[in-house]
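So the protein lines, in turn, are chains A and B. Take 1 as the starting number for the first sequence in the working numbering and just add one per residue. Take 1 as the starting number for the second sequence in the working numbering and just add one per residue.
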Amino acid sequence: MSSVLVLVESDQGAMAPATHEALAFARDFAAAAGLAVHALVCGTESGMAVEAGAHGAASVHVADHPLLDDYGPEAWGETLAQAITQYAPAVVVACGTDRGNEVMAQAAARLDLPFVANCTEVEPGATEMTRTQWGGSLLEQVTLDASTRMLSVAPHAFEGSLAAVPGAGMMDMFAPVLDDSLSRTKIVDRVVLSSGITLSTAPVVIGGGRGVGSAEAYAPLEELAELLGGRVGCSRAVTNNGWRPHSDQVGQTGTRIAPELYIACGISGAIQHWVGAKASKNILAINTDNEANMVTKAGHAVIGDLHTLIPAITAEVKKRKGL
Amino acid sequence: MRILTLIKRVPAPGARINVTDDEQSVNTANLGFTMSPHEECAVEGAVQLIEQHGGESTVLTLGPAEAEEQLRYAASIGINNAVLMDNGGEDWDPQRTAKAIGDAIEQLEAEDGPFDLILFGNESADSGGFQVGVRVAHRLDRPMVNGIKGIDVEGDVIVARREVDAGVEVYKMPKPAILGVKEGLNLPRYPTMKGRLASKKVEINAVPPVADAGGQVKVRLLRPVETVSNTVVLGTDESAAPAVVDLFEELGVL
Ligand SMILES: Cc1cc2nc3c(=O)[nH]c(=O)nc-3n(C[C@H](O)[C@H](O)[C@H](O)COP(=O)(O)OP(=O)(O)OC[C@H]3O[C@@H](n4cnc5c(N)ncnc54)[C@H](O)[C@@H]3O)c2cc1C
Ligand SMILES: Nc1ncnc2c1ncn2[C@@H]1O[C@H](COP(=O)(O)O)[C@@H](O)[C@H]1O
């Protein structure tokens with residue numbers, strides 16, 4: 001039986017949660033298309049075959065080579081290309097993360113095959129699919145003409161879950177032939193940042209846009225974020241002005257957030273900002289303009305000046321917390 | 001050092017992106033044009049590296065004749081040379097785009113020598129294919145890493161840093177190399193009046209593109225289902241604070 005081959009994304013032996021999304025997609029897709037689910041692990045296996053099996057993989061090819069003991073886009077891409085040549089899957093799937101898309105592009109370049117990034121819907125034949133453009137602000141329907149169909153699924157488009165009927169997760173060793181020169185793009189060093197709440201994991205994000213007015217004027221937002229155990233975020237107008245670092249930017253070319261509550265202050269809600277904020281469970285917009293896109297799309301809003309409102313909210317929070 | 005930067009002209013939409021009636025493109029009536037913020041940072045990065053190490057920088061685009069606007073913008077902040085590959089503004093798939101760009105780079109290098117560094121954006125702002133740079137790098141047999149937010153040139157070695165959730169990954173590549181850069185690499189400067197004037201004089205080198213279409217074909221564009229919200233307005237001034245904090249309590253974030 002022909003297969004859907006899922007690229008397992010892993011870092012130092014641990015499977016990326018995004019791979020669960022790719023496996024969940026592949027499981028349903030394979031069932032509809034009459035294909036088997038296979039997975040490809042690059043480098044140190046350390047239990048990932050069992051994990052891939054629990055998420056539906058019948059067979060797990062483990063590519064073992066010294067060059068694969070840490071991530072490198074060229075060695076991983078070449079390995080995937082060789083696995084595609086050897087196992088001839090009908091469809092190859094990764095999750096559309098930085099690494100997922102990068103390895104797929106490397107393999108597609110080597111095989112001169114098309115590669116469709118960030119799909120949200122795929123027909124069982126994988127000749128027609130819908131993919132994201134503009135970071136998800138727009139969708140594109142495409143047709144794909146290729147001997148092997150390579151695609152990634154847009155992050156969060158499919159929910160990762162254990163398979164109702166687990167796959168066997170049968171391990172099969174695969175020995176790619178990799179030239180030493182491919183070590184040129186292998187990671188040589190890592191700087192580990194102190195863990196804390198990040199923008200993408202914070203339960204509350206307080207976003208400040210151009211309406212905040214200056215770098216100094218973020219102090220009240222910082223204070224409120226601290227009280228709520230959250231983080232301050234911002235729009236691109238703000239990073240462009242040099243008021244906040246780019247790591248605080250929410251949106252198409254910044255971070256995608258999904259907090260319990262996003263408080264968007266002085267942010268108009270341009271489409272490129274909105275795509276990064278729309279996964280928030282609740283949105284409170286604070287804006288002087290009641291027609292701002294952020295206001296009309298939010299569940300709650302205060303139509304007023306953030307400079308007086310934020311301190312008033314902070315005072316009220318302190319009062320209720322008895323501080 | 002010789003650096004090449006690849007940029008793509010795209011519309012600059014506001015609160016929503018509208019699609020034309022034939023569903024083939026973004027409705028650009030009343031819209032300005034720009035490039036991806038990633039590419040703006042690539043251009044700034046090229047200018048800074050040349051300022052530090054000497055040499056010259058080139059910018060190249062494949063697109064409509066009007067993409068001259070983006071080339072001149074790059075020149076206005078300090079890029080030296082500009083190349084326009086006029087494809088009449090047709091929508092080219094990533095394989096075709098990469099082939100045409102690869103051909104052009106080979107031609108430019110045959111004339112003036114190799115580029116030590118070629119910078120792409122992490123992805124195009126509009127089509128977001130995440131692959132043109134990787135394909136070109138494979139064609140030229142050069143090391144390529146995408147998602148770069150830090151670049152240092154140390155002799156013949158390019159040191160590149162990529163941000164991930166847990167921290168930063170460091171890559172060291174021999175020259176010539178190719179990088180896909182992300183916004184946050186730097187803070188792009190604004191053009192000065194002098195820069196704008198100088199950019200008008202930069203000669204635009206025309207390289208006609210030829211390449212066959214690849215296997216991904218656009219059928220139509222459509223807008224995702226929009227969130228409709230009946231926004232509850234909690235107030236218009238600081239007297240709204242108690243209602244806001246009630247909401248915090250209701251959501252369990254206090
Ligand atoms: C390809 C591309 C990618 C992009 N990626 C991103 C991205 O990742 N993230 C991003 O944010 N943007 C991105 N942008 C930029 C985006 O289009 C907008 O320019 C940007 O989001 C605007 O930021 P803003 O809302 O802070 O500013 P503005 O649009 O200027 O809005 C300011 C808002 O503040 C309000 N305001 C002013 N004073 C006050 C006050 N005292 N109290 C309350 N409200 C007040 C105003 O009513 C207005 O609504 C991208 C653009 C492009 C072309
Ligand atoms: N038409 C084009 N002209 C010049 N550069 C391009 C073009 N299309 C893509 N690129 C470059 O390739 C990068 C990745 O594009 P993509 O694979 O479309 O996401 C972009 O950020 C640009 O640097």
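Backbone N, C-alpha and C fix where the C-beta goes; we use that ideal spot for every residue, glycine too.
query = Looking only at C-alpha atoms, which of B:Val210, B:Met85 and B:Pro13 sits nearest to B:Ala29?
reply = Comparing Cα-Cα distances from B:Ala29 to each of B:Val210, B:Met85 and B:Pro13, the minimum goes to B:Pro13.
Between the Cα of B:Glu183 and the Cα atoms of B:Glu44, B:Ala211, B:Glu23 and B:Ala15, which residue gives the shortest distance?
Of the listed residues, the one whose Cα sits closest to B:Glu183 is B:Glu44.
Could you pull out every unbroken beta strand (DSSP E) segment of at least 3 residues lying fully inside the region 205-252 of chain A, listed in chain order? Within the region 205-252 of chain A, the complete beta strand (DSSP E) runs of at least 3 residues are 231-234.
Original post:
So is B:Pro208 buried or exposed if we call it buried at 16+ other beta carbons inside 10 Å?
Top reply: That one is exposed.
Extent of the continuous beta strand (DSSP E) to which A:Phe115 belongs: Phe115 to Val122 is the span of the beta strand (DSSP E), which, as asked, contains A:Phe115.
Let me know the secondary structure DSSP gives A:Lys321 once reduced to three states. Note: A:Lys321 maps to helix in three-state DSSP.
Q) So, A:Glu260 versus B:Val232, is the Cβ gap smaller than 8 Å? A) Going by C-beta atoms, A:Glu260 is not nearer than 8 Å to B:Val232.
Review point. Do we get a CB-CB distance below 8 Å when we pair A:Pro166 with the residues of chain B?
Key: At a cut-off of 8 Å, the C-beta of A:Pro166 has no neighbouring C-beta in chain B.
Nearest chain A C-beta to B:Lys172 closer than 8 Å, yes or no? Interface residue, yes.
message: Helix, strand or coil for A:Met173? Go by DSSP, reduced to three states.
response: Note: A:Met173 maps to strand in three-state DSSP.
### Partners in chain A for B:Ile17, counting only beta-carbon separations shorter than 7 Å
Residues of chain A with a Cβ closer than 7 Å to the Cβ of B:Ile17 are, in chain order, Trp134, Ser137, Leu138 and Ile271.
Checking contacts by CB at 8 Å: is A:Asn293 closer than that to chain B? Interface annotation, A:Asn293: in contact with chain B, CB-CB separation under 8 Å.
Cβ-heavy atom distance, A:Gly299 to ligand 1, below 7 Å = For A:Gly299, the shortest separation between its Cβ and any heavy atom of ligand 1 does not lie below 7 Å.
Using a Cβ-Cβ cutoff of 9 Å, what residues of the region 102-134 of chain A are near chain B? List them in chain order.
Here the close residues are Glu102, Met104, Ala105, Gln106, Ala108, Ala109, Arg110, Asp112, Leu113, Pro114, Phe115, Val116, Ala117, Asn118, Thr120, Glu128, Thr130, Arg131, Thr132, Gln133 and Trp134.
Task: Interface flag, B:Gln95 vs chain A, CB-CB below 8 Å - done: At least one chain A Cβ lies under 8 Å of B:Gln95.
task = Whole angstroms is fine: what's the gap from A:Leu67's alpha carbon to B:Asp165's?
result = Spanning the two alpha carbons is a distance of roughly 23 Å.
Out of A:Met1, A:Ser59, A:Val275 and A:Ala146, state which residue places its alpha-carbon closest to the alpha-carbon of A:Ala108. The shortest C-alpha separation from A:Ala108 is found at A:Ala146.
Short Cβ contact (8 Å threshold) for A:Leu267 with A:Ser235:
Reading the sequence as shown, one finds Ile at residue 267 of chain A and not Leu. A:Ser235 sits close to A:Ile267, with the two beta carbons spaced by under 8 Å.
Per DSSP, cross-strand counterpart(s) of B:Thr34: Partner(s): B:Val10.
Of the listed residues B:Leu84, B:Leu49 and B:Asn80, nearest to B:Pro64 (C-alpha basis): That would be B:Leu84, whose Cα lies nearest to the Cα of B:Pro64.
Original post:
Which chain A residues are close to B:Arg189, counting only those with a beta carbon under 9 Å from its beta carbon?
Top reply: Simply none; closest approach about 11 Å.
- Item | Residues bridged to B:Phe120 [DSSP beta-bridge criterion] | B:Phe120 pairs with B:Gly180.
Tell me B:Lys172's beta-bridge partners as DSSP assigns them.
Residue pairing by DSSP puts B:Lys172 in a beta bridge opposite B:Val159.
Practice item. Please indicate yes or no: does the CB of B:Lys8 lie closer than 7 Å to some heavy atom of ligand 2? Key: Yes, Cβ of B:Lys8 sits closer than 7 Å to a heavy atom of ligand 2.
**Message:** Could you check whether the Cβ of A:Thr255 sits closer than 8 Å to any Cβ belonging to chain B?
**Reply:** Not one chain B Cβ lies under 8 Å of A:Thr255.
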